[in-house]
Structures are given as structure tokens and as C-alpha cells.
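Residue numbers (this note's numbering), protein chains in the order written: chain A, 2 to 294; chain B, 2 to 294; chain C, 2 to 294; chain D, 2 to 294.
We treat Cβ as the ideally placed atom computed from N, Cα and C, and that holds for glycine.
Protein chains: 4
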Amino acid sequence: MVKLGFNRYGKAEVRLVHVSRGTGPDGADAIRDWNISSSLSGELAAVHLSGDNSNVLATDSQKNTAYAFAQKLGGIEPEAFALALAEHFVTSQEAITRARLQIEEYAWNQLGAQPHSFARGGQQTRTTTVIYDQEQGVSVVGGVADLIVMNTTNSEFWGFPRDEYTTLPETKDRILATQVTASWRFREPLADAADYAQVYDAATSALLTTFAGTYSYSLQQMLYLMSEQILKAAPQLCEVRFVLPNKHHFLVDLEPFGLENDNEVYFAADRPYGLIEGQVSADDAPPEGLAWT
Amino acid sequence: MVKLGFNRYGKAEVRLVHVSRGTGPDGADAIRDWNISSSLSGELAAVHLSGDNSNVLATDSQKNTAYAFAQKLGGIEPEAFALALAEHFVTSQEAITRARLQIEEYAWNQLGAQPHSFARGGQQTRTTTVIYDQEQGVSVVGGVADLIVMNTTNSEFWGFPRDEYTTLPETKDRILATQVTASWRFREPLADAADYAQVYDAATSALLTTFAGTYSYSLQQMLYLMSEQILKAAPQLCEVRFVLPNKHHFLVDLEPFGLENDNEVYFAADRPYGLIEGQVSADDAPPEGLAWT
Amino acid sequence: MVKLGFNRYGKAEVRLVHVSRGTGPDGADAIRDWNISSSLSGELAAVHLSGDNSNVLATDSQKNTAYAFAQKLGGIEPEAFALALAEHFVTSQEAITRARLQIEEYAWNQLGAQPHSFARGGQQTRTTTVIYDQEQGVSVVGGVADLIVMNTTNSEFWGFPRDEYTTLPETKDRILATQVTASWRFREPLADAADYAQVYDAATSALLTTFAGTYSYSLQQMLYLMSEQILKAAPQLCEVRFVLPNKHHFLVDLEPFGLENDNEVYFAADRPYGLIEGQVSADDAPPEGLAWT
Amino acid sequence: MVKLGFNRYGKAEVRLVHVSRGTGPDGADAIRDWNISSSLSGELAAVHLSGDNSNVLATDSQKNTAYAFAQKLGGIEPEAFALALAEHFVTSQEAITRARLQIEEYAWNQLGAQPHSFARGGQQTRTTTVIYDQEQGVSVVGGVADLIVMNTTNSEFWGFPRDEYTTLPETKDRILATQVTASWRFREPLADAADYAQVYDAATSALLTTFAGTYSYSLQQMLYLMSEQILKAAPQLCEVRFVLPNKHHFLVDLEPFGLENDNEVYFAADRPYGLIEGQVSADDAPPEGLAWT
Chain A
2 MVKLGFNRYG KAEVRLVHVS RGTGPDGADA IRDWNISSSL SGELAAVHLS GDNSNVLATD
62 SQKNTAYAFA QKLGGIEPEA FALALAEHFV TSQEAITRAR LQIEEYAWNQ LGAQPHSFAR
122 GGQQTRTTTV IYDQEQGVSV VGGVADLIVM NTTNSEFWGF PRDEYTTLPE TKDRILATQV
182 TASWRFREPL ADAADYAQVY DAATSALLTT FAGTYSYSLQ QMLYLMSEQI LKAAPQLCEV
242 RFVLPNKHHF LVDLEPFGLE NDNEVYFAAD RPYGLIEGQV SADDAPPEGL AWT
Chain B
2 MVKLGFNRYG KAEVRLVHVS RGTGPDGADA IRDWNISSSL SGELAAVHLS GDNSNVLATD
62 SQKNTAYAFA QKLGGIEPEA FALALAEHFV TSQEAITRAR LQIEEYAWNQ LGAQPHSFAR
122 GGQQTRTTTV IYDQEQGVSV VGGVADLIVM NTTNSEFWGF PRDEYTTLPE TKDRILATQV
182 TASWRFREPL ADAADYAQVY DAATSALLTT FAGTYSYSLQ QMLYLMSEQI LKAAPQLCEV
242 RFVLPNKHHF LVDLEPFGLE NDNEVYFAAD RPYGLIEGQV SADDAPPEGL AWT
Chain C
2 MVKLGFNRYG KAEVRLVHVS RGTGPDGADA IRDWNISSSL SGELAAVHLS GDNSNVLATD
62 SQKNTAYAFA QKLGGIEPEA FALALAEHFV TSQEAITRAR LQIEEYAWNQ LGAQPHSFAR
122 GGQQTRTTTV IYDQEQGVSV VGGVADLIVM NTTNSEFWGF PRDEYTTLPE TKDRILATQV
182 TASWRFREPL ADAADYAQVY DAATSALLTT FAGTYSYSLQ QMLYLMSEQI LKAAPQLCEV
242 RFVLPNKHHF LVDLEPFGLE NDNEVYFAAD RPYGLIEGQV SADDAPPEGL AWT
Chain D
2 MVKLGFNRYG KAEVRLVHVS RGTGPDGADA IRDWNISSSL SGELAAVHLS GDNSNVLATD
62 SQKNTAYAFA QKLGGIEPEA FALALAEHFV TSQEAITRAR LQIEEYAWNQ LGAQPHSFAR
122 GGQQTRTTTV IYDQEQGVSV VGGVADLIVM NTTNSEFWGF PRDEYTTLPE TKDRILATQV
182 TASWRFREPL ADAADYAQVY DAATSALLTT FAGTYSYSLQ QMLYLMSEQI LKAAPQLCEV
242 RFVLPNKHHF LVDLEPFGLE NDNEVYFAAD RPYGLIEGQV SADDAPPEGL AWT
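(1) Name the DSSP beta bridge partners of P246(C), please?
(2) Which residues share a DSSP beta bridge with D34(D)?
(3) Rank A47(B), A59(B), K64(B) by C-alpha distance to the C-alpha of V266(C) and give the top, closest one.
(4) Give the residues of chain D in contact with E265(A), contact being defined as C-beta atoms less than 9 Å apart.
(5) Per DSSP, what kind of secondary structure is E240(D) in: helix, strand or coil?
(6) Rounded to the nearest angstrom, how far is the Cβ of A146(A) from that of G123(A), given a contact under 8 Å?
(7) Between which residues of its own chain and G138(C) is the CB-CB distance below 6 Å, once the five residues before and five after are set aside?
(8) Taking the straight line between their C-alpha atoms, what separation do you get for P190(D) and G28(D)?
(9) Helix or strand or just coil, what does DSSP make of A85(D)?
(10) Looking at C-alpha atoms only, which residue of D164(D), L169(D), V181(D) is the closest neighbour of F243(D)?
(11) S93(A) by DSSP, collapsed to three states: which one?
(12) When you check each C-beta in the segment 137-164 of chain D against every C-beta of chain C, which residues fall closer than 9 Å?
(13) Could you give the C-beta distance for T205(A) and I176(A), rounded to a whole number, given that I count them as a contact under 8 Å?
(14) By the DSSP assignment, the beta strand (DSSP E) with Q180(B) in it spans what residues?
(15) What number of angstroms, rounded off, separates the C-alpha of E105(C) from the C-alpha of R16(C)?
(16) Could you check what DSSP says for Q137(A) in three-state terms: helix, strand or coil?
(17) How should F212(C) be labelled, buried or exposed, when 16 other C-beta atoms within 10 angstroms of its C-beta is the threshold for buried?
(18) Within 10 angstroms of the Cβ of Q135(A), are there 16 or more other Cβ atoms? Answer buried if so, exposed if not.
(19) Using a Cβ cut-off of 8 Å (strictly closer), state whether R16(C) contacts chain A.
(20) Alpha carbons only, please: which of W185(C), R121(C), L276(C) is nearest the one belonging to R33(C)?
(21) Short of 6 Å in beta carbon distance, which residues of its chain neighbour L102(D), apart from the five on each side in sequence? Order them along the chain.
(22) So with Cβ pairs under 8 Å, would you call F258(C) a contact of chain B?
(23) Is it buried or exposed for P246(C), if we count other Cβ within 10 angstroms and need 16 for buried?
(24) For D263(D), name the three-state secondary structure that DSSP assigns.
(25) Got a sec: is the Cβ-Cβ distance from Y166(C) to anything in chain A below 8 Å?
(26) Quick one: list the residues of chain A neighbouring Y68(D), beta-carbon separation under 7 Å, in chain order.
(27) Can you name, in chain order, every residue of its own chain whose Cβ lies under 7 Å from the Cβ of G290(A), other than the five neighbours on each side?
(28) Just the chain A side, please: which residues come within less than 8 Å of W109(D) by C-beta, in chain order?
(29) On the criterion of 16 or more Cβ atoms from any shown chain inside 10 Å, does P79(B) qualify as buried, or is it exposed?
(30) Can you list, in chain order, the residues of its chain whose CB lies under 6 Å from that of V367(B), leaving out five sequence neighbours each side?
(31) Run through chain D and tell me which residues come within less than 7 Å of R272(B), C-beta to C-beta.
(32) Comparing alpha-carbon positions, which option in L209(B), T179(B), I97(B), Y133(B) lies nearest T294(B)?
(33) So, for I77(B): in the same chain, excluding its five sequence neighbours on each side, which residues have a beta-carbon less than 7 Å away from its beta-carbon?
(34) Would you verify that the beta carbon of E82(D) is, or is not, closer than 8 Å to some beta carbon of chain A?
(35) Closer than 9 Å by beta-carbon distance: list the chain D residues that pair up with G43(C), in chain order.
(36) Report, in whole angstroms, the separation of the C-beta atoms of Q237(C) and V281(C), which I expect to be a contact under 8 Å.
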């Protein structure tokens with residue numbers, strides 16, 4: 002005998018671009034370029050056991066709702082949009098008791114003074130995940146992904162244990178490079194939706210300033226310090242999680258060619274890579290509940 | 002004040018190919034083509050707080066260990082390899098109390114009767130995740146990913162609720178296509194490592210047979226049935242989890258061109274896509290513990 | 002002063018799936034899963050110089066035409082489909098004097114005896130490029146891409162020049178692995194469209210048999226031999242072009258761990274990789290004309 | 002009987018990062034982050050016909066040479082580096098008569114005032130392809146790739162022919178978005194290598210200014226104007242080639258939900274996409290020779 006456990010379903014990767022005509026700085030257009038994924042849970046045993054869809058809001062309808070809400074709500078912050086959409090699904094569909102909304106936001110930069118012309122911004126993506134649960138309440142997580150940073154020096158790595166499989170030499174000077182994925186949990190939804198933008202700016206700024214200003218002995222240490230500074234910079238946040246690949250830059254051995262390599266020429270490796278994951282919370286962080294599910 | 006929470010670190014995507022010379026059928030070579038990721042947890046506060054690496058087995062050493070173990074253990078089943086490697090890290094490193102090992106295995110098919118020639122197999126990847134925890138014990142999860150299947154008929158979708166954002170027509174005949182990611186939890190590590198191959202074969206065979214033989218009213222129903230049949234076919238397993246994107250094939254409207262489209266011509270869409278996730282367990286499944294972390 | 006030179010435009014990557022109901026072996030459905038790109042040239046100076054679109058068949062119309070032709074022509078060979086579509090554009094649009102049609106075909110294998118169930122086939126893709134030019138006539142190129150093959154031995158590499166930057170040791174035994182992209186030019190369009198399937202089978206079979214049966218001293222030698230055998234196996238062809246990345250498998254040095262590595266444990270590298278390109282023609286090949294443009 | 006035709010071989014995607022310590026603005030480090038591919042041609046019949054490698058400079062040596070030259074030449078412009086490397090291969094290897102060098106350069110931006118900290122720049126990649134041929138001389142092509150731009154208005158598309166497969170409505174207001182790949186040919190190698198940077202800046206600036214400042218009736222028109230302005234801005238160039246995918250943004254129909262969509266909410270489609278290719282030359286451009294091979 003088997004039993005159905007946790008399940009959810011939804012529409013993934015709805016690509017939505019919203020243009021607020023003339024509402025940006027100096028009358029420029031303001032753009033929201035989003036990749037939206039919704040996922041619903043609730044009384045869904047019937048569809049699994051017998052294919053009865055009477056509780057299954059079609060994923061096509063979820064997509065339609067995202068587009069309709071974009072028109073209704075305008076170009077608001079992604080966290081606020083995700084909250085509104087999540088609440089809608091739970092409150093309007095009797096069988097649906099929980100909604101997860103995820104949004105990736107891609108940045109666009111105005112081209113010169115042209116109010117209608119833009120270039121895609123840097124590689125980083127702004128992210129958000131909202132959970133709206135009928136019983137366990139609401140959680141908001143923001144973050145940034147694909148933010149690639151590098152320190153060309155001020156990074157050491159030594160003092161690690163040397164077992165029988167350890168061949169790595171110690172180093173007092175290496176390149177430290179990583180592709181940051183960071184997620185930060187809000188203590189509670191913000192009263193003023195516009196503040197989500199400020200938190201994003203404060204958190205990414207703290208992250209970058211800390212990365213640039215730290216003399217590092219390990220990527221884990223960098224993770225902890227960046228988390229600490231993010232929490233300090235944005236008191237609306239209570240927890241930070243990082244996933245940090247160590248993008249290895251190996252000094253090339255030029256000795257066979259009679260050349261020195263005084264920390265100048267590196268091979269940037271693809272795979273394998275170190276991978277550092279960690280979580281740092283404020284002492285008084287409220288329970289995480291469903292935030293990370 | 003902030004505090005360090007859950008953390009782990011390791012080497013991701015170690016690409017290892019092992020050739021067992023002449024040990025395959027009819028004296029052919031046997032190949033293991035793996036992508037290995039290891040991740041360690043334990044007494045790692047010091048490296049986060051002060052960059053003290055004395056407990057940090059270098060990720061480079063983790064990579065070396067994988068290569069050395071491949072030579073020592075030969076071309077064994079990936080679940081068994083992951084178990085051995087995980088146990089090694091926890092038992093040999095005092096500070097390390099938990100190891101997670103993940104392996105993706107790519108298939109190669111012998112070319113004709115040539116004992117040394119191979120072509121990469123179908124798109125599916127065999128997967129495994131092993132957790133070895135000093136206190137909470139050992140878990141083994143196997144699975145398959147990127148297995149793309151399609152039913153050209155015998156799929157309906159109707160009876161779903163119609164809210165104000167629902168425009169999708171009901172259908173009594175559609176294409177059902179998905180790219181299967183399935184993971185199955187073993188009740189306990191197998192006594193005979195060779196049996197992992199049999200479980201993999203039994204589970205994927207049950208999955209495919211069920212997909213092919215089911216008249217479907219929803220992808221959720223298919224998920225449940227496939228899980229049920231996997232658990233029936235492989236009693237060593239106690240739980241199955243699926244992630245099933247609904248790869249939409251939309252019937253193209255050819256009316257504007259004076260043509261019928263009697264379920265012949267489809268547009269295969271990229272994004273968005275439906276996404277169905279679910280878990281099915283045996284009634285008597287042991288607790289999952291850390292298996293899915 | 003500047004002048005407009007060569008130009009073309011079209012619709013790229015039209016994803017089309019055609020299901021021929023019950024026309025496959027034993028009454029199974031027959032599937033054509035295509036990625037179609039069309040590109041048109043002709044009297045297009047006006048649109049470049051002044052944005053006058055009167056000669057510009059919309060790329061949306063090109064897409065529509067592909068879908069309509071799929072219904073009209075049924076599940077024919079991709080080379081024949083590309084020919085028909087290319088001819089249509091040139092003969093129906095006065096301003097269009099040349100069309101290039103490209104199709105990638107993905108294979109599906111029937112699941113057991115189920116007439117409506119399929120799994121995506123191996124990784125290789127069947128390809129075709131057709132040029133239909135009002136003045137210079139018609140060319141047909143077929144091919145295969147993403148066909149990954151490996152010989153675990155029977156490959157040497159030595160005798161290469163040793164300049165001041167050469168550190169690579171010679172080897173009398175290495176793994177030879179590559180991801181084949183091959184293109185073959187037909188002497189002329191085939192009279193019977195069904196023969197395209199036979200040529201594809203004969204060419205890929207000759208390619209694989211040669212790869213498996215050859216003791217290799219260089220990937221270039223393999224390229225030449227595979228080309229030669231393809232031309233021998235399919236006299237309808239007159240020229241073959243290969244792009245062969247040398248997917249390096251480096252023997253891992255296990256000496257530091259007191260272990261031998263008797264050609265057992267390899268690191269499969271991503272980048273960089275060797276890249277071998279070459280062309281082999283029949284002595285009596287007709288001129289290539291526009292075939293490769 | 003078959004004969005060997007055009008061929009070349011080399012090392013692809015050598016990932017090289019060069020750090021010039023303290024030579025950037027205000028004593029910051031200067032970074033060159035490159036993906037280098039070299040490809041050699043010459044007297045290579047023997048290796049194809051018999052596997053005789055005596056003329057085959059190993060691709061591993063080509064990689065080594067790139068690293069060694071990076072140390073010797075320092076962080077020079079990529080065009081100059083490619084020229085030096087290409088010349089080296091042809092002049093030092095008797096059998097090699099032609100070399101093609103390709104470099105992709107990824108930008109890094111200094112983080113604040115920190116001299117050693119950087120973030121990966123925008124998505125665009127700077128590109129170069131150099132051909133050095135013993136008989137036919139030298140060509141230099143620069144360019145930019147993956148530069149994503151969008152005009153939210155000032156784009157029309159109408160007046161195109163309406164055949165039986167045309168359903169696309171005309172539009173007087175649409176989003177125009179594309180991912181620019183542009184390549185520009187230099188009249189001759191520049192006397193002062195530092196000028197390559199100025200040409201790159203002038204060309205990309207002209208490209209962006211034209212894109213932003215143009216009221217467009219077709220993407221072809223935009224292609225021509227951008228080419229014209231690039232050639233005007235950088236007289237060292239004589240030819241420009243563009244590949245411009247039309248990244249469709251479709252206005253979502255919100256009428257079923259009782260909502261207007263006044264050019265606010267769009268669906269950003271993946272596939273298919275329009276694809277516009279074209280070439281524009283100066284009247285007095287020297288012959289292209291081997292530049293684009």
C-alpha cells in the first residue's frame with residue numbers, strides 16, 4: 002500500500018515584461034522583466050488518485066492571472082507582486098491552501114538620455130520567493146543570483162588538514178572568484194512595498210562592499226562576513242543563505258618555457274569547482290516556517 | 002548579533018570516467034562515466050568565524066579521494082561508490098560528521114561487437130544521493146533524470162475549475178510529454194551492491210511501462226501511478242519523488258489556411274511549462290531522516 | 002559612402018512536431034520532431050535603406066507556412082520537406098530569389114509495443130540544409146550532430162613536433178572521444194524522397210563502423226577515413242565535412258596516493274578541447290555552388 | 002576516389018585570465034579575461050592520410066603558447082594578442098601556412114575604489130578574429146556579441162506582403178528587442194595596438210546611439226543604419242556584419258479578463274524568433290580575402 006505525500010503544481014517560467022510608460026526617472030519608461038513561477042498546494046488527492054481535476058486550477062489560468070495582475074498592479078516591486086499573486090490563488094480557490102511564487106527579475110539600463118531605449122543590465126538576477134499559506138502565514142525571501150565577483154589578491158588558503166589524498170599546496174596569495182547566489186528572508190512582509198527596492202539595494206551593496214573590502218582566509222569566512230553585513234545593513238532581514246561556487250583560477254606553470262609567473266597568468270577552470278553553502282541568522286530571527294520549502 | 006546555521010562545503014562536478022578493461026559482456030570494456038559532487042558538514046564554525054581551516058579538508062583533496070577510490074573500488078554501482086566515499090570522509094576526518102555524495106551517471110552503449118568502442122546512450126542520466134551521518138545514519142536515494150517521454154494520445158484534460166482568468170478549453174485528446182526527474186529512496190543500503198543495478202532497471206522499467214500503458218486524465222495521476230508501480234516493482238524502495246514538467250504541445254490552428262488539423266501538427270513550446278511535483282511513499286516507509294537534505 | 006552587401010532574413014527555430022497517426026511499423030504513430038529555420042534573400046535593398054517592407058514576407062508567415070506544409074506533406078523526410086518549403090518561398094514570392102531551409106530532427110523510439118508511446122532517442126540530431134536559388138539551382142546537405150563516441154583504446158598520439166612550448170608527452174594508448182558533427186552534400190536532390198532515410202542510415206552506419214574499427218594515430222586520420230567510408234557507402238553523396246572536438250580524457254596521476262593507474266581512471270575535461278575540421282570530396286564531385294552558404 | 006579538401010585544427014576555448022598588477026586607473030589591477038581559440042592550416046595531408054603527426058603542432062602546445070605569450074606580452078588589446086599569436090604559429094612552424102585566432106573578452110568592472118576587486122561586466126562580449134596567412138596576408142575582425150538592447154516604442158512593422166499564409170496584423174507600435182552580434186573588419190592592422198580599444202569603444206557607442214535614436218520600420222533598416230554609423234565613427238573599419246535575432250515581445254490579450262492592454266504587458270518569447278543577417282561595406286573597402294573564413 003502506498004500513500005500520497007507532499008505535492009504541488011503550477012506554471013513555471015512565465016516570461017512577462019511590463020512597461021510603465023513614462024513613469025521612470027525624467028519621464029523614461031520603467032521596465033519589469035520577469036520570469037515567474039507559481040506553484041499551488043491543497044486538496045489535491047483526487048487528481049492524483051483518480052485524475053479528477055475539479056480542484057486543479059489550470060496552470061494556464063495561473064499564467065493568465067500573472068499577466069492580468071501585471072496590468073492591474075503596474076510595475077511594482079517583485080516581492081509585492083509575488084505576495085499579491087500568492088494571496089489571490091489561496092483566497093480565490095477554495096481547494097488551494099498554499100501558494101509559492103518565485104520571480105527572477107532581469108535589469109535593464111537606460112541608454113543615454115533616450116526615454117525608450119535600454120540595454121540589459123549586468124549578469125546578476127534579482128530573485129524572490131513568497132509562500133502564502135492559509136494556516137502558517139506568509140514568508141518573503143529576496144535575493145540575488147549570478148553575481149560574479151573576483152578579488153585578484155588578498156586571499157589566502159592554508160592550514161587545512163593534510164590527509165593521504167591531499168596534494169594541494171598552501172597559498173598566501175590567490176585569486177578568489179565566485180558566482181554569488183544569496184537569499185535573504187524578511188522578518189515580515191514590508192508595510193510599504195517600495196521599501197523592497199531599498200532592501201535589495203542595501204543588501205547587494207553590503208554584499209559587494211564586504212567582498213571587496215575583506216582580506217580572506219577562506220570562502221566560508223567571506224560567506225559569514227557578507228551575511229553579517231547584509232543583516233546589519235537591512236534590519237528588515239533576519240536570515241541570509243549563500244551558495245558560493247569557488248571559481249578556481251589556477252596559476253599557470255610557465256617554468257617549462259623559461260618564464261616566471263608572478264601572479265599574472267591564470268587558467269580559469271570550469272569543473273570541478275568548490276561549492277560553499279551556509280546560512281546565517283539574526284539572534285532574534287522569527288521561525289523560518291515554510292519560507293524555504 | 003548573528004549566528005551561523007546550517008552549512009556544508011565540498012567539490013562539485015568532478016568528472017570521472019572509469020574503464021574496467023575487459024570486464025564487460027563478451028570481454029568488452031565496462032565504463033562508468035560520472036559527475037561526482039561531495040559535500041561535508043561538521044565542526045566548521047571556526048572557518049566561518051575566523052578563517053581557520055584546520056577542520057577543512059580541502060575540496061581538492063575530496064576530488065583526489067574520488068579518483069583514488071575509483072581505482073581502488075573499480076567500476077562498482079554508483080550508489081555503492083557514493084556510500085564508500087561518504088563513509089570515508091566521515092570516518093577519516095574527525096571534524097566531519099556528515100557527508101553527502103551525489104553522482105550523475107551517463108550511459109554508454111557498445112558499438113556493434115567492438116569491445117572498445119562506445120556511443121553515448123540516450124538522454125537520461127542515472128542519479129544517486131547518499132547521506133552518511135555519524136549520528137543519524139545512512140540514506141541512499143537513486144533516480145533518473147532527463148528521461149523525455151511522450152504519449153501521442155490517450156491523454157485528456159478537463160473538469161478543471163473555470164475562474165475569471167481561465168480561457169483554456171477542455172480537451173479529450175492531447176499529447177502528453179514530459180522530461181522525467183524521479184528519485185527513489187531505499188529502505189536501507191543494499192547488502193549486495195550489484196543489486197543497485199537491478200533496482201535501477203526495475204524502477205525505470207516500471208516507470209516507462211506505466212507511462213506507456215496509462216490512459217491519462219492529468220499528469221498528477223500519471224505521477225501517482227508511476228510511483229506506485231515503481232514501489233511495487235522494487236520492494237527495496239520505500240518512497241518516490243517526481244518532478245514532471247508538462248512539455249506542452251499545442252495543436253496549431255490551420256483554419257486560416259483552409260486546412261484541417263486532425264491532431265497532426267503541433268507547436269512544441271519551451272516556456273512557460275506546467276510543473277508537477279509529488280511524493281509517494283510505502284505505508285511502512287521508515288522515516289526519511291536526512292535523505293533529502 | 003557605404004553599400005549593402007549580402008543579407009538574408011527569416012524565422013529561426015520553429016519547433017514543429019508532426020504525428021502521422023498509425024502509419025508507423027505495426028500501426029504505431031510516426032513522429033517527426035523538427036526545429037526549422039528558414040532564411041530568404043532577394044530584392045531586399047529597400048527594407049534596409051528605407052524600412053520599406055513591401056518585399057519582406059513576414060517571418061511570422063514563414064513560420065505559418067512551415068506548419069501548413071507539414072499538414073499538406075505529412076511526415077516526409079526532412080530533406081524533402083526543406084526542399085518543398087524552399088521552392089515555395091522562391092516561386093511564390095517575386096522578390097525572393099533564394100531560400101535556405103535548415104531542419105534539425107530529434108529521434109523518438111517507440112516504448113515497447115505501445116503504438117502511441119515514445120522516448121526521446123539518443124543524443125544525436127539529424128540535420129539538413131537546403132538552398133534553393135532561382136539562378137544557381139538547388140543543393141541538399143544532410144548530416145548528423147551531437148553524436149558522442151569513444152574508443153577506450155586503439156588510439157595513439159606521437160611523432161608531433163616539439164617546439165619550445167611543447168610539454169605534452171607522447172602516448173601509445175589513449176582514450177579517443179569526440180562529439181561528431183558531420184555534414185554530407187548530395188550530388189543532386191534524390192528522385193525518390195524516401196531514399197533520404199536510407200542515405201542517412203548508410204552514412205551514420207559507415208561513420209560509426211569506421212570509428213569503432215579504426216586503430217587511430219590522430220583524429221584527423223579518423224576524420225578522413227570516416228569521410229571516405231561515408232562516400233563509399235552512399236554514392237548519392239559527393240562531399241563530407243566534419244567538425245570533431247577532441248574531448249580530452251586525461252589519465253589521473255594516482256602516484257601521490259601510492260596507486261597505479263593502468264589506463265583505468267580518467268578526468269573528462271570540458272575546456273579547452275582540440276578541434277579538428279576537415280572536408281573530403283569525391284573526385285568527381287559537382288561544384289559546391291551555394292551549398293555551404 | 003576521394004580527395005582531402007580544406008582543413009584546419011587547433012585548440013578551442015582556452016580560458017585565460019591575465020592580471021596586470023597595478024597598471025589600471027589609480028593603480029588598480031587591469032584584467033584581461035579571455036576565451037582563446039587557435040586553428041592552424043598548412044601541409045597537413047599526411048596526418049589525414051596516414052596519421053603522420055610530424056607537421057602537427059599539438060593543440061596542447063598551442064594552449065601553452067597562448068599562456069606563455071600572455072606573460073610575455075602583458076595585458077594588451079585582444080586584437081594585438083591574436084595577431085602576435087597567429088604570426089608566431091605561421092612563422093615558427095614550417096608546415097603551418099595559416100593561423101586563425103579567435104578571442105572572446107569578458108569585461109570586469111572595478112568595485113568601488115578597491116584596486117583588487119571586480120564584478121563581471123554586462124552581458125556583452127568583445128570578440129576578435131585574426132587570420133594570418135603566409136601568402137594572402139593578415140586580416141583583423143573585431144566585434145561585440147550578446148549585447149541585448151530594447152526599444153519600448155518607436156518601432157513599426159507594416160506594409161509587408163500578405164500571402165495565403167500571412168496572419169500577422171500590421172503594427173504601428175511594437176517593442177523592438179535584439180541580442181546584437183556585430184563584427185567589423187579593419188582595413189589593415191592598426192599601427193598602434195592601443196587604438197583597438199578606441200575603435201571598440203567608438204563602434205559600440207555608435208551602435209548603441211543609433212539603436213536608441215532610430216525610429217524603426219524594420220530591423221533590417223536598423224541593421225543598415227547601425228552599420229553605417231559604425232563605419233562613420235571608426236574610419237579604420239571597412240565592413241560590418243550583423244546577426245540580429247528579433248526577440249519577439251508579444252502584447253498579451255487581456256480582453257478575456259475585461260482589461261485593456263495599452264502597450265504595457267508583454268510575453269517575451271523564446272522560440273521561434275526572427276533572424277536578420279546583413280553586411281554593409283565602405284565603398285572603398287579592400288577585398289575581404291580570408292577575413293571571414
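On the basis of the data shown:
(1) L276(C)
(2) V18(D), Y107(D)
(3) K64(B)
(4) H19, V20, S21, R22, A71, Q72, G75, G76
(5) strand
(6) In fact, because the Cβ distance is near 12 Å, the residues do not count as touching under 8 Å.
(7) none
(8) 30 Å
(9) helix
(10) V181(D)
(11) helix
(12) E157, F158, W159, G160, F161, P162, R163, D164
(13) Actually they are not in contact, since the Cβ atoms of T205(A) and I176(A) sit about 22 Å apart, beyond 8 Å.
(14) 177-187
(15) 10 Å
(16) coil
(17) buried
(18) exposed
(19) no
(20) R121(C)
(21) S39, A83, L86, A87, V131
(22) yes
(23) buried
(24) coil
(25) yes
(26) V253, L255, V266
(27) Q137, G138, S140
(28) M151
(29) buried
(30) The question about residue 367(B) has no answer here: the residues shown for chain B are numbered 2 through 294.
(31) D271
(32) Y133(B)
(33) A194
(34) Per the sequence shown, the amino acid found at residue 82(D) is Phe instead of Glu. F82(D) does not count as touching chain A.
(35) Neighbours of G43(C) on chain D: none; closest Cβ ~12 Å, over 9 Å.
(36) Going by Cβ atoms, the distance from Q237(C) to V281(C) rounds to 16 Å, so no, they are not a contact pair.
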